[in-house]
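Worksheet: one structure, shown below.
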Amino acid sequence: MDLLSIKNLEIEFPSRRGTVVAVNDVNLTVQPGEVLGVVGESGAGKSTIGNAVIGLLEPPGRMSGGEVYLKGEQINNLSSEEKRKIRGRRIGMIFQDPLTSLDPLQTVEQQLVETIELHLKLGEAKAKERAIDLLHQVGIPNPELRVKHYPHQFSGGMRQRVVIALALCAEPEVIIADEPTTALDVSIQAQILELMRKLCQEKQVGMLIITHDMGVIADITDRVAVMYRGNLVEEGTTQKILGNPDHPYTKSLISAVPRPDIRLKRFPMVDYIEKEEDRKKLLDISTHWLGQARDFDAVEGPLVEVEDLVMTFVTKPAFLKKNRQTFNAVNGVSFEIRQGEVFGLVGESGSGKSTVARMISGLYKPAKGAVKFGGTNLTEIKSEKELDYFRRQMQMIFQDPFSSLNGRMRVMDIVAEPIRFHKLTSSNAETEGIVMDLLEHVGLGRQAAVRFPHEFSGGQRQRISIARALATRPRFLICDEPTSALDVSIQAQILNLLKDLQEELGLTMLFISHDLPVIRQMCDRVGVMKMGELVEVTETEKLFTAPEAPYSQELLSLMPKLDNLSQQGLQVEGA
Amino acid sequence: MEKTIEKTRFERFLDSDVWHSFKSSPVAIISSLVTLIMILAALFAPYIAPHDPFDLVSIDIMDSNLPPAWQEFGEARFLLGTDDQGRDILSTIMYGARISLFVGFASVIFSMVVGITLGLISGYAGGRVDAFIMRVADIQLSFPAILIALLIDGVARGIVPKELHEELSIYVLIFAIGISGWVQYARTVRGSTLVERNKEYVQAARVIGIRPGTILRRHILPNVMGPVMVIATIHLAIAIITEATLSFLGVGVPPTTPSLGTLIRIGNEYLFSGEWWITIFPGITLVILVLAVNLLGDWLRDALNPKLR
Chain A
0 MDLLSIKNLE
10 IEFPSRRGTV
20 VAVNDVNLTV
30 QPGEVLGVVG
40 ESGAGKSTIG
50 NAVIGLLEPP
60 GRMSGGEVYL
70 KGEQINNLSS
80 EEKRKIRGRR
90 IGMIFQDPLT
100 SLDPLQTVEQ
110 QLVETIELHL
120 KLGEAKAKER
130 AIDLLHQVGI
140 PNPELRVKHY
150 PHQFSGGMRQ
160 RVVIALALCA
170 EPEVIIADEP
180 TTALDVSIQA
190 QILELMRKLC
200 QEKQVGMLII
210 THDMGVIADI
220 TDRVAVMYRG
230 NLVEEGTTQK
240 ILGNPDHPYT
250 KSLISAVPRP
260 DIRLKRFPMV
270 DYIEKEEDRK
280 KLLDISTHWL
290 GQARDFDAVE
300 GPLVEVEDLV
310 MTFVTKPAFL
320 KKNRQTFNAV
330 NGVSFEIRQG
340 EVFGLVGESG
350 SGKSTVARMI
360 SGLYKPAKGA
370 VKFGGTNLTE
380 IKSEKELDYF
390 RRQMQMIFQD
400 PFSSLNGRMR
410 VMDIVAEPIR
420 FHKLTSSNAE
430 TEGIVMDLLE
440 HVGLGRQAAV
450 RFPHEFSGGQ
460 RQRISIARAL
470 ATRPRFLICD
480 EPTSALDVSI
490 QAQILNLLKD
500 LQEELGLTML
510 FISHDLPVIR
520 QMCDRVGVMK
530 MGELVEVTET
540 EKLFTAPEAP
550 YSQELLSLMP
560 KLDNLSQQGL
570 QVEGA
Chain B
0 MEKTIEKTRF
10 ERFLDSDVWH
20 SFKSSPVAII
30 SSLVTLIMIL
40 AALFAPYIAP
50 HDPFDLVSID
60 IMDSNLPPAW
70 QEFGEARFLL
80 GTDDQGRDIL
90 STIMYGARIS
100 LFVGFASVIF
110 SMVVGITLGL
120 ISGYAGGRVD
130 AFIMRVADIQ
140 LSFPAILIAL
150 LIDGVARGIV
160 PKELHEELSI
170 YVLIFAIGIS
180 GWVQYARTVR
190 GSTLVERNKE
200 YVQAARVIGI
210 RPGTILRRHI
220 LPNVMGPVMV
230 IATIHLAIAI
240 ITEATLSFLG
250 VGVPPTTPSL
260 GTLIRIGNEY
270 LFSGEWWITI
280 FPGITLVILV
290 LAVNLLGDWL
300 RDALNPKLR
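For the protein sequence lines, the chains are A and B, in the order given. Here numbering that gives the first Met the number 0 is used: the first residue of the first sequence is 0, the next is one more, and so on. Here numbering that gives the first Met the number 0 is used: the first residue of the second sequence is 0, the next is one more, and so on.
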């Protein structure tokens, strides 16, 4: 008998613009001690399945068909009171954000004891003992002491361990984990996944893990179900799905995963989901305005030099300077970016890599140190007019495509703004023509100009951002996590586009990412950052084959392996 | 071909969630209809009012203190009766609502301009500028708004020469009510600005080199206007009430151009001698107007709040 079995599940979301079928005829089973991964891109319906199993569908969503069985007992038609008894007791849950899934006003002990008492009907003393025991099991050091602490006193990884302890409280038979490690750094992700895997086997719990991350899938699951637009397109053992997928969608998805082991020329087969507008009749860059010689001085030597940069943030403001408390987010960072190369900065969250980018682009004023562009120290320039000359040469692409475009402006005005501001053209008609060409060149098509940002998907918005950044004809482009908010197949498209543009326009790039495989695909040289300091600067290939600094070695060892991925249709760089 | 994709602003509005919410809310439809009718009646008072209460030629003292038409001694000419000078109550209400609405709208716009400007500066500049503006706001908030309005009104009357009092009193009133209301706008706009200025589209504009003034005007302002419109609607009701209160206390508009508040005050003196209609009808008008505007504001607040959708 299956531990958990989902039969012909159908979920729909009625809205005033018609009913959306979020999940369509899905069949899944989970066995004791097994980890089943449900993978898919945003909007595929994977989280909806998890919510439906535990009876927590967000209204107006509703189950319009199918059955859910727990150990052969149908649970989807129970009353909400009976469902509530199953939740937590027989089905445990782990959510994405450890910060919001714990009550900030209660100690960890109170939250654990409450759940234990509720489900296991133990006395308070016994429940407290069990709480400490649980924290011990999930690997929290000093559980006797830590149990009295509040959630904010734990780090992100520790908090997620507490959430896991909470899910394990009542010894559930099934655990549903919805993106359990997405909010965590790689190093912590590896630990948490290992813990979950171990607990699953020890306690013979079945786990349904919902994720968009192929690394997580490769690390922890036994079997994988691939979702695409509400449909289950393929299901099989993890090895089979990753190594030899059958369905065209799965193939395209696997080929879009950035690989840590080899460097590709381009990502193949990436247009299954979102077709790029025809880029065939590409502009002839050599004759077009975009590629024409610009009025910038030629630079000898490195284009950008960063010398001993320090950035200080005030953590406790005060009226008087001496009472302020500060924190150095970046501490003495120096490196240079050569002309025409892609320089990567990699590090975990809080390592200061974005802060460095913001100092170079002038968004932050460094507390100490110099940013030199073509030999000129930008931090010493006072006049805005003089700075404008350098601003034109340097543009930035941001992380979040949903907040990086002003929703009240048409795409035409968004992309034309830098051209108009710097008065790069002689007439408005010329500006509009250039914007149209640009939009076409980034794969959006000319008619995008008259629309508003909310009419576009995340990947398309990132294309608009890229068009805006290119509108000043810069020679240096800063990309701050340009794809970390995007789905893998869209990420692959955007990375392809950035590679193409870099080649065509001879751009120099600073590419920031927390994702080592992405760095490997994009960068020529890399700097590794840790807690505001640069621990290693080296050639990308050297970092991945022979890292020197201990921290780089650690980061690389924690990276999901993904070494049995299908290699269908790949073109390896240099091969 | 491009024309077919481009939606006009009107088409986008018809497709918006706000319009949809409006269509399915009877309260919103009724209150906006009531407000609209009142505004139109006030606006076109000179053309549609049955009498001109300020035309001395047409007023007859013999018509004074007539009750409403359906009462004994009532006359069909004067639907809601007349006051002590023989003026038609319905007409004076229409003319009075004109003054009330004018003062209301003008002081709301005045508050908005001051509040939004200071809020944008405060939120974007931060630091000491922010601290200063917000402390001034806090100090003002520790006094009741009506007291501030009274104070400014009193001071202004002291400064302005006596012969200009009647002429300027309405502008003094607008200034007083406007100044007493800017804090709400400033606080809301500052809060939204703090959120917006950290969004990446603002940083993108800064990387391009666009100056702070342009960023505030072109990028931040349009994105903080949603909550401002909600406050403005509710504030309109408050401003009308404040004007009525000041006029009722005798420090508002002069009796020669009576507003609803002035009418209520004049009628108040006759309330206990039996001529109830002189004060009750302007009072009811004021209540309906303020209630309608308030309900409209409440609906707008809910419609623009994504959490309640």
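In this text, a Cβ means the ideal position worked out from N, Cα and C, and glycines have one as well.
For the 7 Å CB-CB criterion, M62 (chain A) and S350 (chain A) do not form a contact. Not one beta carbon of chain A lies nearer than 7 Å to the beta carbon of A148 (chain B).
Under a criterion of Cβ atoms nearer than 9 Å, no residue of chain B is adjacent to E379 (chain A); the nearest Cβ is some 17 Å distant.
Cβ atoms of D212 (chain A) and T181 (chain A) come within 8 Å of each other, at about 7 Å. Setting aside the 5 residues that flank it on each side, G373 (chain A) is surrounded in the same chain by D296, V298 and L302, each with a C-beta closer than 7 Å to its C-beta; the list follows chain order. Put simply, the backbone Cα of L437 (chain A) is about 8 Å away from that of A470 (chain A). For I47 (chain B), the uninterrupted alpha helix (DSSP H) run begins and ends at A44 to I47, by DSSP. With a 10 Å radius around the Cβ and a threshold of 16 neighbouring Cβ atoms, H218 (chain B) comes out buried. Among the residues of the stretch 374-405 of chain A, those with a Cβ less than 8 Å away from any Cβ of chain B are E383, L386, D387, R390, R391, M393, Q394, M395, F397, Q398, D399, S402, S403, L404 and N405, in the order of the chain. The Cβ of A203 (chain B) sits closer than 7 Å to at least one Cβ of chain A. No Cβ of chain A is located within less than 7 Å of the beta carbon of P45 (chain B). Distances from the alpha-carbon of I518 (chain A) to those of A:I191, A:N141 and A:T539 put A:T539 closest.
For F543 (chain A), the uninterrupted alpha helix (DSSP H) run begins and ends at T539 to T544, by DSSP.
Here the stretch 255-262 of chain A makes contact with the stretch 507-516 of chain A; the two share three or more CB pairs at distances below 8 Å. Comparing C-alpha distances from K198 (chain B) to each of B:Y184, B:R210 and B:I214 shows the shortest one belongs to B:I214. Interface annotation for the stretch 168-200 of chain B against chain A: K198, E199 and Y200, criterion Cβ-Cβ distance under 8 Å.
When Cβ-Cβ separations below 7 Å define contact, P226 (chain B) makes no contact with chain A. For a cut-off of 8 Å, the C-beta gap from V34 (chain A) to I208 (chain A) is around 6 Å, short enough to register as a contact. Contact annotation: in the stretch 217-251 of chain B, residues whose CB is within less than 7 Å of a CB in chain A are H218, P221 and N222. A residue is called buried once 16 or more other Cβ atoms fall within 10 Å of its Cβ, and A238 (chain B) is buried on that count. Residues of the stretch 18-29 of chain B that bring their beta carbon within less than 7 Å of a beta carbon in chain A comprise H19, in sequence order. The criterion of a C-beta distance shorter than 7 Å is satisfied by A217 (chain A) and L561 (chain A). Counting of Cβ neighbours within 10 angstroms places F131 (chain B) among the exposed residues, the total staying below 16. With a 10 Å radius around the Cβ and a threshold of 16 neighbouring Cβ atoms, M0 (chain A) comes out exposed. Against chain B, the CB of L263 (chain A) has no partner CB under 7 Å away; the residue lies outside that interface.
Looking at the DSSP output, L231 (chain A) shares a beta bridge with A:M226. Under a criterion of Cβ atoms nearer than 7 Å, the residues of chain B adjacent to P417 (chain A) are, in order, I207.
Judged by beta-carbon spacing, V22 (chain A) lies within the 7 Å limit of G44 (chain A), meaning their Cβ atoms are closer than that value. Counting every other CB atom within 10 Å of its CB across the protein chains shown gives F142 (chain B) a total below 16, marking it as exposed. Cβ-Cβ distances below 6 Å link V20 (chain A) to E11 and G229 in the same chain, with the five nearest sequence neighbours on each side left out; the list follows chain order. By the criterion of at least three beta-carbon pairs nearer than 8 Å, the stretch 394-407 of chain A is not in contact with the stretch 419-429 of chain A. Within chain B, the residues whose beta carbon sits less than 7 Å from that of R15 (chain A) are H19, listed in sequence order. Each residue's CA atom was taken as its position, placing V206 (chain B) and E431 (chain A) some 21 Å apart.
V67 (chain A) has A:I5 as its beta-bridge partners, per DSSP. Taking CB atoms only, L362 (chain A) has a neighbour in chain B less than 7 Å away.
E128 (chain A) and M395 (chain A) have their C-alpha atoms some 54 Å from each other.
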